[in-house]
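Working notes, structure below.
Residue numbers (the working numbering): 604 to 1040.
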């Protein structure tokens, strides 16, 4: 009998937790304790992994100022995900921890060394969310006037992946001898320079860390464009997507699997996670009322527009909230996110786009109802799509203990009762847990 289970993951960032709402946590999570407890809740619910998003700038696009981003705590302040990943990993035993690290910010040697170290500290549960960054403001923090064009960033990223792969392999699996009798820690004949010289990178190697439990971290990626999908199909162990409904989910997964097969990879080794933002209540009416209360508020519309402005570098404050966008917009930033947001040709006003963006920007399908109703919808959708999992988040990535409890103690038990998600971990390594089904 075919295994009908799918994977669960959570998408968050190291920013203020939910701080404005009645059930908020106060907005001061910088000692990491709130997010460590969040990871422990994910582990009790048998999530595969928790993924920490990141940006490397203070947004200034919306309203041509950083003031609104700071006022609303949208995308800033944002702390470094790597130390939090270590803290989460060392406070758990089975949950995978994934940090977003940009190829435009980290030299390949530093990223490989950091990833190898975290994978060892977490005993083989680290993942790297591979991004090339999409904001010129980020570029200005790293010695550039602006980012290279998207196609050039992908060309650089391809070489980058080649370099870090060589670095992870620069120590043979049995290079560490630990021969106390003869006084040999590592066999120098099994540690090799990589001597890489390419168009963008020159790295001698070898890496100066021992091979980690997974040898390399699990790679996650979120390519949406044709070039991005090729990149993900070539390199990723797991792919994150925001699709348009079940048919969009099915088409995206089929496309990725076809691209992977054409590249000589086993498509079953790549897991596709679809972002969702479940809205739960004791009744369907309560769940819908809560969803509408959040997404129709003035604060929410502003939050969404600050966010979409930051990642596309288009100032949406210049457009009338109560009229449709006057033209189809393009960007050198996150083009897939922009296309999904603007819904060109729909006739929706900008206010309506922002409200629907509450689910649409980070949700592949509407999931509003009781835990049982949402579990049924998730099971039906995944059966139609064919796999592989869901990445749960909130519309603007803020999270409260209340929402964590609703998911972990409300929704997940309903999924487990239907045999749709794991009830225990069977492997130590994150990669093995992902490939279990």
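Glycine included, every Cβ here is placed at the ideal spot set by N, Cα and C.
What you are looking at is a predicted structure, and each value in this text was computed from that prediction instead of being measured.
Taken in chain order, the whole alpha helix (DSSP H) runs of length 4 or more contained in the region 707-755 are 711-724, 739-742. With 16 or more other CB atoms across the displayed protein chains lying within 10 angstroms of its CB, residue 727 is buried. When C-alpha distances from residue 875 are compared across 845, 907, 693, the shortest belongs to 845. Rounded to whole angstroms, residue 811 and residue 716 show a C-alpha spacing of 7 Å.
A contact is defined here as three or more CB-CB pairs under 8 Å, and the region 680-692 meets this definition with respect to the region 628-639. Here the region 674-687 makes contact with the region 617-630; the two share three or more CB pairs at distances below 8 Å.
Around the beta-carbon of residue 921, fewer than 16 other beta-carbon atoms lie within 10 Å, marking it exposed. Per DSSP, residue 693 is one residue of the alpha helix (DSSP H) stretching across 684-693. In this structure residue 873 touches residue 840 by the C-beta definition: roughly 7 Å separates them, less than 8 Å.
Contact between residue 1003 and residue 624 holds, with the beta-carbon distance rounding to 7 Å and staying under 8 Å. According to DSSP, residue 782 shares a beta bridge with 787. Annotation: the region 944-972 contains the following complete segments of the alpha helix (DSSP H) (minimum length 4 residues), in chain order: 953-963. The beta carbon of residue 987 is closer than 7 Å to those of 849, 853 in its chain, skipping five residues each way along the sequence. In the three-state reduction of the DSSP assignment, residue 931 falls in the coil class. Bounds of the beta strand (DSSP E) holding residue 844 are 841-844. Per DSSP, the continuous beta strand (DSSP E) segment holding residue 616 begins and ends at 610-616.
Annotation: the continuous alpha helix (DSSP H) that includes residue 981 extends over 974-988. In this structure, the straight-line span from the alpha carbon of residue 815 to that of residue 918 is close to 44 Å. Between residue 1015 and residue 742, the CB-CB gap reaches or exceeds 8 Å. Around the C-beta of residue 626, fewer than 16 other C-beta atoms lie within 10 Å, and the residue is accordingly described as exposed. Considering only 1038, 705, 733, 927, the residue with the shortest C-alpha distance to residue 825 is 733.
Listed in chain order, the non-local C-beta contacts of residue 833 below 7 Å within the same chain comprise 862, local neighbours out to five positions each way being set aside.
For residue 1005, the number of other beta carbons within 10 angstroms of its own is below 16, and it is reported as exposed. For the pair residue 610 and residue 859, the Cα-to-Cα distance works out to about 17 Å. DSSP places residue 1011 within a helical segment (H, G or I) once states are collapsed to three.
Here residue 786 is exposed: its Cβ has fewer than 16 other Cβ atoms, across all protein chains shown, within 10 Å.
Here residue 784 is exposed. Its C-beta has fewer than 16 other C-beta atoms within 10 Å.
Excluding sequence positions up to five before and after residue 1021, its CB lies within less than 7 Å of the CB of 978, 982, all in the same chain and listed in chain order. Counting only runs that start and end inside the region 627-680, the beta strand (DSSP E) elements of at least 3 residues fall at 652-656. Annotated three-state conformation of residue 877 is strand, per DSSP. If you ignore the 5 residues before and after residue 1034, its C-beta comes within less than 7 Å of the C-beta of 817, 821, 840, all in its own chain and listed in chain order.
In terms of Cα proximity to residue 739, the closest of 802, 749, 930 is 749.
Taking the Cβ atoms as the reference, residue 655 lies roughly 14 Å from residue 680, outside the contact range of under 8 Å.
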